[in-house]
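Residue numbers (numbering that gives the first Met the number 0): 0 to 633.
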Amino acid sequence: MKYILLSACVAFAALFSSCKKVEKEVPAPLLPMETFFKNGEKSSLRISPDGRYFSYRADYKGKMNIFVQKVEETSATRVTHDTLRSIGGYFWKGDRIVYAQDIGGDENFQLFSVKADGTDLKALTPFAGVRSDILDALNDISGKEKDMIVQINKRVKEYFDPYLLNIETGELTLLYDNKENYDSWMTDNHGVIRLASKTDGVNITWNYRNSEKDSFTPLMTTSFKETFAPSSFNKDNTLIYAISNIGRDKSALVEYDPIAKKEIKELFADKDYDIAGIDYDRKKQALASVYWEAEKSEQHFFDKEWGDIQKALDKKFDGYYTFVANHDDARTKAIVGVNSDRLPIEYYLYDFKTKESKQIANPYPWINENQMCRMTPVSYKSRDGLEIHGYLTLPLGVEPKNLPVVINPHGGPWARDGWGYNNEVQFLANRGYAVLQMNFRGSTGYGRKFWESSFKQWGKTMQDDITDGVEWLIKEGIADKDRVAIYGGSYGGYATLAGITFTPDLYAAAVDYVGVSNLFTLLKTIPPYWKPYLDQFHEMMGDPQKDSLLLVEASPVFHADKIKTPLFIAQGANDPRVNKAESDQMVEALKKRGIEVEYMVKNDEGHGFHNQDNQYDFYGAMEKFLDKHLKAQK
């Protein structure tokens, strides 16, 4: 699930074919809840720059920590020892591992590094209440083997300053005195900051300099509704590769001349979907590929060598999605990931020379993919004629008629769901529920017009798209109209509350996970580093002053008198995006009216639960709650 926060089915022939296949399959046994949420034995694999080691995250006392293992050996060394909170993102830099960690989910990340043998742990940015992010790891740049560029909001909470950080000593060197309060940066192939952006709230100005000694000068100003996202420079650092929708509806990869201040040419576009990003090979100093999300992930290669590697992997693992996760500096070995909608992931060690691969990790050996359910791309028409794409997952071996259903709108809301293994969806489907995920209007990847159609539509046409998905399932005979639940996190939590507020007869049960109840308080309590973009939020959601009636209409907390659906709410106490007050005020409003509401608060979590014990508590309670109100247990 993504927590970001902020009729006839066109594909029904394919769906019906899938349904026929499901009918011939044997229903899966009811699997323990922990099967789907247990920490992986070895996940997030990374190969060391010298190719001698690989690292992974694995469970240690209920929290995910980092382990290092020699490629040719079977035993590993644990190099981190966190027993309070799981470690998420990390990577190799030279012979050290760099990782980020926050406290209790507050998203004020601090950076750490540790040697491959677990010694010499360094707190690189030990600043309480301050957030540190990595701008450029400076990989494949001679002379920068011990350095990376980070941004830190220590000076003021709203803006970040760029620093050069030595990962061995923690020494910080200010790279730019950010008196102008630029809000983002981009480096060239030598690791020099060449672009900086600034917003006035609704417009974004990109500023350019030709060298580190030059001053920044304005390059272009765009509305926030326009996308111009620089991704890298070309080989000689004279042209910019950028994702842009300027003059077009779908974002495309373009080549841009910063001296002439104009787009040179379009390098790649898809007629139906936005280009999401590029892979740039800094060692070759060349474009490797461009990728986007259609019904499934798609990729186009510019580099023949990388394209041939991908073709060989696709052929070897036919029917699965494959990708090169990372590789050593010499390009002799790579970690390859293999997954599908029924397989979480398996990792293979790939030899660039021999083209051979061998499995080195199956993080979830207790997952039998033959007991998992297929995720089928579907689409349906909204009441005003938009095509809404989504994914339907049906219980294995069960006739798709009159099923209990869980509607699962994504977070964001300016994000999207994609095809692939989803442990929440598989958990629910194993319990006998059909699960529908829909990319309602405003979901990203479908072009500017589709995105803009969501502006000031929280609780209105955005919610109608979700409701229309329910009605479509009922019309197709898949859903039992009396056994439909809605569950979502972040904006999906808002959509859950809006669903039971504005369509009170539609749902038999609802689960709101770190969801928004009051648009006024949401906009008032955003993280400080989001405040430069507050005017954008006002234009997209509504201005508390100018659009107060609109926000009152769209805020479920002011309409609690309409709610009669049983509700379960879960919230992290340290959530910086959707503050605990969002859930508190909803619970209070409902309890005053005598409405049944279960409330779970975790004091060591933020925007979503990351610690395994908390996940067990949440999903265990959700299972009992849905079973009580939908009676779907087999």
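Ideal placement from N, C-alpha and C gives every residue a C-beta, glycine not left out.
Please read all numbers here as calculations on a predicted model, not as lab measurements.
Relative to the C-alpha of residue i, which candidate in the options has its C-alpha closest?
| i | options | result |
| --- | --- | --- |
| residue 216 | 261, 204, 484 | 204 |
| residue 303 | 294, 283, 292 | 283 |
| residue 162 | 248, 428, 132 | 132 |
| residue 188 | 402, 627, 285 | 285 |
| residue 247 | 345, 446, 428 | 446 |
| residue 533 | 596, 198, 586, 90 | 198 |
| residue 190 | 228, 221, 139, 222 | 139 |
| residue 201 | 544, 221, 548, 385 | 221 |
| residue 408 | 340, 353, 458, 61 | 458 |
| residue 159 | 181, 169, 252 | 181 |
| residue 598 | 605, 73, 620 | 620 |
| residue 629 | 432, 169, 517, 48 | 432 |
| residue 276 | 230, 294, 263 | 230 |
| residue 572 | 259, 603, 557, 546 | 603 |
| residue 49 | 37, 218, 320, 332 | 332 |
| residue 367 | 486, 391, 395 | 395 |
| residue 503 | 519, 150, 481 | 481 |
| residue 30 | 429, 322, 62, 314 | 429 |
Applying the 10 Å Cβ sphere with the 16-neighbour rule, what's the burial state of residue i?
| i | result |
| --- | --- |
| residue 92 | buried |
| residue 624 | buried |
| residue 317 | exposed |
| residue 398 | exposed |
| residue 88 | exposed |
| residue 273 | buried |
| residue 142 | exposed |
| residue 720 | The requested residue 720 does not occur in the structure, where the chain is confined to residues 0 to 633. |
| residue 249 | buried |
| residue 554 | buried |
| residue 344 | buried |
| residue 20 | Because the pLDDT at residue 20 is just 44, under 50, the model does not fix this residue reliably, and the value given afterwards should be weighed accordingly. When all chains shown are included, residue 20 counts as exposed. |
| residue 125 | exposed |
| residue 636 | Absent from the model: residue 636. The displayed extent of the chain is 0 to 633, so no value can be given. |
| residue 590 | exposed |
| residue 270 | exposed |
| residue 566 | buried |
| residue 364 | exposed |
| residue 476 | exposed |
| residue 22 | Because the pLDDT at residue 22 is just 43, under 50, the model does not fix this residue reliably, and the value given afterwards should be weighed accordingly. Residue 22 should be labelled exposed. |
| residue 544 | exposed |
| residue 112 | buried |
| residue 472 | buried |
| residue 376 | buried |
| residue 237 | exposed |
| residue 287 | buried |
| residue 592 | exposed |
| residue 0 | Its pLDDT being 46, under 50, residue 0 is placed unreliably by the model, and nothing is read from it. |
| residue 292 | buried |
| residue 423 | buried |
DSSP has residue i in a bridge; who is on the other side?
| i | result |
| --- | --- |
| residue 68 | 53, 75 |
| residue 229 | 241 |
| residue 597 | 567 |
| residue 254 | 240, 264 |
| residue 370 | Paired residue(s): none; residue 370 is not in a bridge. |
| residue 172 | 163 |
| residue 348 | 334, 357 |
| residue 292 | 296 |
| residue 132 | 150 |
| residue 155 | 158 |
| residue 184 | 195 |
| residue 42 | 56 |
| residue 286 | 279 |
| residue 323 | 335 |
Compute the beta-carbon to beta-carbon distance between residue i and residue j, rounded to the nearest angstrom, for a pair I have assumed lies under 8 Å.
| i | j | result |
| --- | --- | --- |
| residue 107 | residue 129 | 6 Å |
| residue 348 | residue 70 | 7 Å |
| residue 184 | residue 194 | 7 Å |
| residue 488 | residue 512 | 4 Å |
| residue 228 | residue 245 | Going by Cβ atoms, the distance from residue 228 to residue 245 rounds to 11 Å, so no, they are not a contact pair. |
| residue 582 | residue 568 | 5 Å |
| residue 96 | residue 115 | 7 Å |
| residue 311 | residue 354 | 6 Å |
| residue 324 | residue 308 | That belief does not hold up - the Cβ atoms of residue 324 and residue 308 are roughly 13 Å apart, past 8 Å. |
**Inside the region 377-413 only - beta strand (DSSP E) runs reaching at least 3 residues** = Fully enclosed beta strand (DSSP E) runs of 3 or longer: 386-392, 402-406.
**Message:** Which runs of the alpha helix (DSSP H) at least 4 residues long sit entirely within the region 425-504? Give them in chain order.
**Reply:** Counting whole runs of 4 or more residues, the region 425-504 contains the alpha helix (DSSP H) stretches 447-451, 460-474, 490-501.
**Item:** beta strand (DSSP E) segments (min. 3 residues) lying fully within the region 188-233
**Value:** Within the region 188-233, the complete beta strand (DSSP E) runs of at least 3 residues are 192-198, 202-207, 216-222, 227-232.
**Request:** Within the region 82-139, note down every full beta strand (DSSP E) run reaching 3 residues or more, in order along the chain.
**Result:** Complete beta strand (DSSP E) runs here, min 3: 89-92, 95-100, 109-114, 131-135.
**Prompt:** Could you give the uninterrupted runs of the beta strand (DSSP E) lying entirely in the region 579-628, keeping only those of 3 residues or more?
**Reply:** You should have 596-601.
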